[in-house]
Structure formats: C-alpha cells, structure tokens
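Worksheet for the structure shown next.
Residue numbers (this note's numbering), protein chains in the order written: chain H, 1135 to 1248; chain V, 9 to 119.
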C-alpha cells in the first residue's frame, strides 16, 4: 500500500528554537494534513493543504504542499513548551477509489526543553 | 456540540472475551473511520464507512467487525480478543472532503 516517510522520528530542542519536519512519498496525494497529538488524546488538525505549492500558516506553524504533490513539510517557529507532542502528516491519495482514506506517517515526537 | 465521542476510555479484557468499542458523532458527518495506534507505528485503518449501511475494510481488518446502522454511530466489535489487539483505538469522522476529526481514543489491554 501507499506509505508516507516522515522524518525525523524524534526531536529534542530548546525553547525558542525553530523546528522543521517533513513527509515524503513515492505516490501523489491530493491533500496533505498535519495533526498534533498530545498524550492521552486524539490527533488534532493543525493545517490542511489542498493545492500543490500551497503555503499555509496557523500562528507559529507553517506548512507547504510540495509542488510534485509527493511531499509536505511543517515548520514551527520560536518553539514553546506546549509544542511538545507527536506530529503526524497524513495524505489523501489521488487514486480513484482512494480518496475516502488517509495515509498517515509514523509521527515526529517533539520534546521542548524550557 | 460534542464532536466525536468514544467509550469506554479504558478497558482490560481477557483473551477470548468480546467487546464493542462505541463511537458516536453529532456533526452529521457521512464518513467514519476506525484506526488503531501502536507505539511508534502511527495510525492504521481498520474499517471505514462512507455512509449509513455502507462499510469497507481498511489496512488491518482481521479480528474486527463494524456496522453503521445510523449516521451518528459506528461501533467496532472484537469477537475473540487476542493479545495482538492491545492498542489504542481511535474513531474519526468527516464530511465530504473536509479533514477528519478524531475522538480521544479507547485504550484497550488484552491479557
């Protein structure tokens, strides 16, 4: 099946630093989503991207839909302790009959040291 | 507006027991999904539904069953619990091409 390669697997940073993570695939996706999961909770949507080349911001978060439609990245600027959590990318395939489902990356675990 | 509600939040089962994980949404979403999340493995799709009366298998359906008799509810059934089904289970829903909204999960241990 389709897979997303998300990297890095984990990051340990100091408060105030910028963070960058990305997802790549050998397949084309029509939509890219970025979710954050706090301990003991379900994933919460951060940013949704619907068009190749699209660059979207949500506060200190910025995400881009790669021009090839096979990748996406998420940047967090000036990290704060509450940014701690697991960040997941998810892609909606462009194949016929596949648009109902999302493919998820394995997550990037972010730790922010005060 | 409660969103996606999952019950129970925690459960311990013995091998061979059965149980139903409940999921309900009050957003009139047509699509509903069940995922399992194992440590370091992201989310894997078990079953999904595109509307009441319609269900389909995802990536890891073995050992599970679902039904969708109403728009609001999408229960997940484990008939013969096995240790390999120890996981965190998430239900999600969406409308049309909007992003999926997730519940807070059910943590299931099978001993």
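A virtual CB, placed ideally from N, CA and C, is assigned to each residue, including glycine.
Residue i - containing beta strand (DSSP E), residue span
i                      : result
residue 12 (chain V)   : 12-15
residue 1163 (chain H) : 1163-1171
residue 1155 (chain H) : 1153-1158
residue 1247 (chain H) : 1242-1247
residue 1148 (chain H) : 1144-1148
residue 64 (chain V)   : 62-65
residue 1202 (chain H) : First-last for residue 1202 (chain H): undefined, no H or E at that position.
Exposure label - residue i; buried when at least 16 CB within 10 Å
i                      : result
residue 1146 (chain H) : exposed
residue 1176 (chain H) : buried
residue 88 (chain V)   : exposed
residue 1236 (chain H) : buried
residue 1246 (chain H) : buried
Cβ pair residue i, residue j closer than 8 Å
i                      : j                      : result
residue 1133 (chain H) : residue 1159 (chain H) : Outside the displayed span of chain H (1135 to 1248) sits residue 1133 (chain H), for which this structure offers no information.
residue 1214 (chain H) : residue 1195 (chain H) : no
residue 1179 (chain H) : residue 1166 (chain H) : no
residue 1220 (chain H) : residue 1241 (chain H) : yes
residue 1212 (chain H) : residue 1152 (chain H) : yes
residue 4 (chain V)    : residue 93 (chain V)   : Because residue 4 (chain V) is not part of the residues shown, which for chain V are 9 to 119, the question remains open.
residue 159 (chain V)  : residue 40 (chain V)   : Not covered by the structure: residue 159 (chain V). The range shown for chain V is 9 to 119.
Inter-residue Cα distance where the pair is residue i and residue j
i                      : j                      : result
residue 1190 (chain H) : residue 38 (chain V)   : 27 Å
residue 124 (chain V)  : residue 42 (chain V)   : There is no way to answer for residue 124 (chain V), as the model of chain V reaches only from 9 to 119.
residue 113 (chain V)  : residue 15 (chain V)   : 8 Å
residue 1198 (chain H) : residue 1209 (chain H) : 9 Å
residue 29 (chain V)   : residue 1164 (chain H) : 31 Å
residue 1187 (chain H) : residue 1224 (chain H) : 17 Å
residue 45 (chain V)   : residue 72 (chain V)   : 15 Å
residue 1218 (chain H) : residue 1170 (chain H) : 9 Å
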